[in-house]
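Following: one structure in structure tokens, then a few remarks.
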Amino acid sequence: MATATATHAHEPDYLNSKTGIGSWLYTVDHKRLGIMYLASVLFFFAVGGFFALLVRAELATPGETIMSPTMYNKAFTLHGAIMVFLFIIPSIPGALGNFFLPIMLGAKDVAFPRLNLLSFYIYVVGATIAVISIVVNAVDTGWTFYTPYSTRTDTAVVWVTMAAFILGFSSILTGVNFIATVHKLRAPGLHWKRMPLFVWGMYATSVIQILATPVLAITLFLLIMENVLTLGIFNPQLGGDPVLFQHFFWFYSHPAVYIMILPGMAVVNEVLATFSRRKIFGYMFVAMSSVGLALVGFLVWGHHMFVAGMSEYATLVFSGLTFLVAIPSGVKIFNWIATLYKGSISFESPMLYALSFMVLFSIGGLTGLFLGTLATDVHLHDTYFVVAHFHYTMVGGTVFGFLAGLHYWWPKMFGRMYDENLARVAFALVFVGFNMTFFTQFVLGSQGMPRRYYDYLPHFQPLHGFSSAGALVLGVGFVVMAFMFVRSLTSGKKAPPNPWGSAGYEWATASPPIEHNFHEQPVMKRGPYDYHLATDEELFDGFPEEAPAASAEE
Amino acid sequence: MENQTEPSLQLPAQLSTFAPDVDWLFQFIFWVSVVFFVGIVGSTLYFLVKYRRRPGVKAEPTGHHNALELFWTFSPLVILFLMFYWGWAGFMQMAEAPDDAVIIRVRARQWAWGFEQPNGLTEDNEVHVPVGVPVRLVMSSTDVLHSFYVPDFRVKRDVVPGMFTSLWFQAVERDPGSVPDDAETDPNRILYTSQVYCAEYCGAGGAWGPNNGHATMYALVHVQREQDYRAFLSTPRPIGCPDGGTECTDEQHGEFLFGAKGCGACHQRQAGGPQLAGPSFPGLYGTQQALADGSSVTVDDDFIRQSILDPRSQVAQGFSPVMPQIPLTQPEMNALIAYIRSLGNQ
Amino acid sequence: MSAENAHASHGPKWLQHHFETPIQQFESAKLGMWVFLAQEILFFSGLFVAYGVVRIEYPEAFAAGSMQLNKIMGGANTIVLLFSSLTAALAVRSAQLGKRDEVSRYIVITILCAFAFMVIKYFEYTAKFEHGLLPGQYWNPTHLVGIDAPVEHMHVFFGIYFMLTGLHGVHVLVGIGILTWILIRNNKGEFSKEYWTPVDLAALYWHLVDLVWIYLFPLLYLV
Amino acid sequence: MSDHSHDHSHSDGAVHVHVHDVSLYLKVFGALIFFTVVTVATSYLDIDGFVRPGTPHGAGGMNFLLAMAIATAKATFVCVWFMHLKEDARFNALIFVGGVLFAAVFLAYTLNDTYYRQHEDRFQGVLVHPSTGERAPGGLSDIGGSCEVPANCLSYACQGGRCVEYVPVHHEGAAGGEHGAAAEGEHGGAAEGEPHGAAAEGEAPAEH
């Protein structure tokens, strides 16, 4: 593909092309919106992490440690709600997706740039309401808002559900935008079989966002109305059915876990390919497994409700279909391993995160088997086993994927390198701390420790203590990482266009990219992972002007 | 299958007939997972070392291998189907109670468990069950979702307000032969006690304490020989006392009941303690209480009785009508009134 | 076209900078709109599921609740909406032919129909309010049709009735807003034989509002 | 790349559509009005009683099925002609149908659960206790109002406005007198706690 960086070296990049606060607030540039999303989600990641540390601190010893039970209930609810609605769901699509999806497609922007801006502001409004709700009275229902507890508690349920309701529309509009962009704005030569797997993952994610998020919206709307107008649909005291609420909630929230994990997988594809210098093995199978996960993910929501009082027929169907989800997940893992085979593998920090994604997600996926199996789920449901399982997929999966992407694309986004050694230290702390915190919880859960407990019986003490210690290590890891990134922004070395020597399309533009991404409409003449077809100039991992060979302008 | 009656590192003791089957399936999945995990991590590490970047060595272009793809797409289905089938078979066993099961009625509320034996005997936060006999629990909740969970029995079922749910189990002996078959019948002999948890989040009261929140909504299952259990049912129960004894004054019995029935979740009994969801009791007795309808009434025995019998008839001003009706016998009612009266005189 | 420079002259002014051709912009917009409509279906699906479940649980309450609704008013509203759908479709047709005045005329009729729909809805709602046929704790029936006493759980029917018709009504109001905006843009002369995408999209949205009502009407009023 | 804009079929990059005659739209509208009249008319007919004599009106579901079939026919007309799905990109139709399909999955599974809850076990998911007739507590509030507790009533249960002696097993202890947000309004539903779940609406006529 055509790279024209050298000849246009002096065109200002997207960060400098316009200045002033207004140029950010009213921007329709997908890259600036991506950066604004990034700043927002990182802020809420810190807030959610703070609540997580509070929860683990309280659980470090039995009995009252640092807060009252009502405070604890609010802390774990806020941890869950903030992490899910304000961090994980918008993290990769909002920040990395907005930034890189159009660039990877060789487009100048997403299909509907103004809609993109609107979607960001909807996110801001939702986030603001969420923050207000914390100040008002927080919420203590758990992030699942199960009725009838959520119709009885005197905390600010209406505020928080309103926030989540609004955030849902941000998610939906992003999905609309991405789908139209992928279909209609691909550069010439970029046919479906050449599309970067990150784009495939984003596409599958968008499909779920479109089909599932509206159901969350209606669920939360009805819950708000149940509180305000006493409808009697979910509240048993008015003749409603609490199990129906769970159907409504999980019809969204199960697909939502694929909204969370698919982007993580999508990033890992890019990173693995780049650092093993090899096309992802079984490209079409991996791409289709994303779409397959997106679709099958809709048919299995009932596995959250096996012991909720659902009919036995429903448990049968949901359990059976749940096992189908294992297939596409397995396909991805196997293909990633096959990608490493005969590669040329290097171990920079993005790759470390991607490899640990494979390990941690495997644990998360395999422990899912225990929960999909009916008889064992009866014992494990609503215990710490479940807590550990979804943290292995959501943190070990999505957050590690997000971090892989953040490290991988950081030089492209900001035009600066970071301290690789410090990044590896942070990685080690995060990896060790995460496993200390959550592997312990598998054991706690299978021993019968129920979740959302303020207190526990004395014989769980050693494991809880160890888990809390792990959380501290994890927290320190993130602090080191934050320091490392801030230092990169202030005093990082200037990054070349393609620091990792990747064949991906996004590396063909400058670091940071110019305002319209490319000087000329790119034409894709090879796939994004075709290392054997890429020229040395394309794979050169320094500045083109320093390239030994003469510029090979097409 | 033989029951493993001591807890292992992974799982609690197997004390019901379900437990060995569930655990066998657990172990099956566990070892399948271990094999897969070792395979995944092992091959990854091997490739990482073998194909680490070396100067001058290029990666080989990726080829196609559709047969391999199809193999690893479809071959796991066999194992997955086995897991599904065994899991479902086990679940159906748990779903269908035998017709001759002893039926115990369970009433959950924030944050206590009430049990009613087939003959009408009620117990709070503990329940006696016979060993070797199927026991069915028919459960209901007066307020929010709860979930009845006994890890030792591997059973769990949500308790849903507005409808009945049910589970059953058959406890096994922990230490067969420890009590000879011809041992004398003793209503107080308990073979072992298992822990009941609430597994569905149900909130918390203002203060931390027993039966004052989701985390302390504990109960105990006392497993007895069948003849002991029968004797237990027909023996009049001694009244409960704070110190665990059986002889005490009405006030002390009332104090015990105040804890056992979970009154402390909403009513403060410490003078100067924080205000909870309902009126605080210290100093209350004998005063004039303003009611929600604007009238006022003297807090006396009749008012307290009326308020317990029909909590919504006379709601104190400034409070929501959220108090559930809680079953009490006449002596229990008198004891509670006496206790509240004694708090009022503090 | 690969060599076309982004900064060079870029076609008509309604063609946004990141699109290469009018057809690309048109097809993107249409695709985006259909995706959005799919989202709307899922949004309403929740209410239909709630309807279905509660109907299975309390069939008598639903039969009794349905009796309280006025089939004539509901039928009239159906016809009003169907007619407005027709005029919306005709507006698109006129836009395709570039007849600006006709487009305005049809859109005005569509908007008037939308208002007529809301007026009839207003009378229906007022009657329900007067008769105390309201959800949950506001349930206080004073006037019942066809039954002597309220059936248990009837208030749930009205809970669902108000949610379904209420959210549909909100969509009608939003539709009025969108159509008015299109009308203003049309009068300013922004649309032409070459560029009429926004008229088409607004009409698509309006047809969806009609579609939802096509199901609401029999579910609530007739069966 | 079939749906891609750089396709050869639109080489000039302009938008070309086929403009239909007004008469087509009028015909479609006529059909829609016709179906509306039919569906209103059939709602007055007792089709269930016609198909299986003796079935109460509406109980057989035939009226329901017919009304839904007519509604679907109307919806199809609107989609195909008014919304131009007939000549629009196939993929757009697929999106729309896909949306409907997922809504159908949601509906079907959820109804399936509701419908079959007590099929395997008669104690599972029932609102009324199959052996004792006790209504599950925590459900629809007692609208009977408060009990006048007579001085000699020392038992605890207030059911349907009467103070009832507590008899274990046969009567629900904690039933009736539910609380929470619902209790504030004290409307709706029937008196609770009546044995065998008789929905005794008449017990509390004063409220209506």
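Protein chains in written order, with our numbering: chain A, 97 to 650; chain B, 142 to 487; chain C, 2 to 224; chain D, 28 to 235.
From the three backbone atoms N, C-alpha and C, an ideal C-beta is built for every residue, glycine too.
Every value quoted in this text rests on a predicted model; they were computed, and no experiment measured them.
| Item | Value |
| --- | --- |
| Uninterrupted alpha helix (DSSP H) stretches inside the segment 470 to 524 of chain A (no shorter than 4 residues) | 470 to 476, 480 to 489, 496 to 510 |
| Neighbour flag for Tyr192 of chain B against chain A, beta carbons, 7 Å | yes |
| Val438 of chain B: first and last residue of the uninterrupted beta strand (DSSP E) it sits in | 437 to 439 |
| Selection from A:Ile268, A:Gly335, A:Lys589 that minimises the alpha carbon distance to Ala43 of chain C | According to the sequence displayed, residue 43 of chain C carries Leu and not Ala. Comparing Cα-Cα distances from Leu43 of chain C to each of A:Ile268, A:Gly335, A:Lys589, the minimum goes to A:Ile268. |
| When A:Gly285, A:Glu633, A:Val206, A:Glu444 are compared against Met620 of chain A, the one with the closest alpha-carbon | A:Gly285 |
| Residue ranges of each alpha helix (DSSP H) within the segment 30 to 83 of chain C, 4 or longer | 60 to 68 |
| DSSP state of Glu314 of chain B mapped onto helix, strand, coil | coil |
| Inter-stretch contact (C-beta, 8 Å, three-pair minimum) for the segment 72 to 90 of chain C and the segment 376 to 390 of chain A | no |
| Alpha-carbon spacing of Pro108 of chain A relative to Glu602 of chain A, whole angstroms | 18 Å |
| Cβ separation of Lys199 of chain B and Ser440 of chain A, assumed to be a contact under 8 Å, to the nearest whole Å | 6 Å |
| Burial state of Arg149 of chain D, where buried means 16 or more other Cβ atoms lie within 10 Å | exposed |
| Contiguous alpha helix (DSSP H) assignments of at least 4 residues, all confined to the segment 154 to 217 of chain C | 155 to 188, 198 to 217 |
| Residue(s) in a DSSP beta bridge with Met280 of chain B | B:Val247, B:Thr306 |
| Inter-residue CB distance, Tyr488 of chain A and Ile459 of chain A (contact presumed, cutoff 8 Å) | 5 Å |
| Closest Cα partner of Leu334 of chain A within the set B:Met304, B:Gly354, B:Ala479 | B:Met304 |
| Close beta carbons around Val396 of chain A, own chain, < 7 Å, minus the five adjacent residues each side | His350, Phe414, Leu417, Thr418, Val421 |
| Alpha-carbon spacing of Met509 of chain A relative to Leu213 of chain A, whole angstroms | 19 Å |
| Within chain D, the residues that Pro383 of chain B reaches when beta carbons sit closer than 7 Å | Neighbours of Pro383 of chain B on chain D: none; closest Cβ ~23 Å, over 7 Å. |
| Spatial neighbours of Ala98 of chain D in its chain, beta-carbon cut-off 6 Å, leaving aside the 5 residues before and after | none |
| At least three beta-carbon pairs within less than 8 Å, the segment 570 to 585 of chain A to the segment 315 to 326 of chain B | no |
| Chain C residues whose Cβ lies nearer than 7 Å to that of Ile122 of chain D | Trp35, Val36, Ala39 |
| Buried or exposed by the 16-neighbour rule on C-beta atoms within 10 Å, applied to Asp443 of chain B | exposed |
| Minimum Cβ-Cβ distance from Gly197 of chain B to chain A less than 7 Å | no |
| Supposed close pair Phe232 of chain B, Thr411 of chain A - CB separation, criterion 8 Å | 7 Å |
| Positions along the segment 265 to 284 of chain A whose CB lies within less than 9 Å of some CB in chain C | Ile268, Leu269, Gly271, Val272, Asn273, Ile275, Ala276, Thr277, His279, Lys280, Leu281, Ala283, Pro284 |
| Interface flag, Gly160 of chain D vs chain C, CB-CB below 7 Å | no |
| Own chain partners of Ile244 of chain B with C-beta closer than 7 Å, once the 5 adjacent residues on each side are dropped | Pro259, Arg277, Val279 |
| As assigned by DSSP and simplified to three states, the class of Gly200 of chain D | Confidence at Gly200 of chain D is low in this model, with a pLDDT of 33, below 50, so its placement is unreliable and no value can be given for it. |
| Expected contact under 8 Å - CB spacing of Ala102 of chain D and Pro219 of chain C to nearest Å | That belief does not hold up - the Cβ atoms of Ala102 of chain D and Pro219 of chain C are roughly 11 Å apart, past 8 Å. |
| Distance CB(Phe183 of chain A)-CB(Phe241 of chain A) smaller than 7 Å | no |
| Whole-Å CB distance - Glu28 of chain C paired with Ala130 of chain D, under 8 Å assumed | Their Cβ separation, rounded to whole angstroms, is 25 Å, which puts Glu28 of chain C and Ala130 of chain D out of contact at 8 Å. |
| Beta-carbon contacts of Ala208 of chain D that lie in its chain and below 8 Å, excluding the five residues immediately before and after | Below a pLDDT of 50, predicted positions are generally treated as unreliable, and Ala208 of chain D, at 32, falls in that range; the measurement from the model is reported next regardless. Counting only Cβ-Cβ distances below 8 Å, and skipping sequence neighbours, we find nothing. |
| Under the three-state DSSP convention, the category Glu473 of chain B falls into | helix |
| Whole-angstrom distance between Val42 of chain D and Gly597 of chain A, CA atom to CA atom | 42 Å |
| Coil, strand or helix - Cys114 of chain C by DSSP | helix |
| Status (buried if at least 16 other CB within 10 Å, exposed otherwise) for Phe579 of chain A | exposed |
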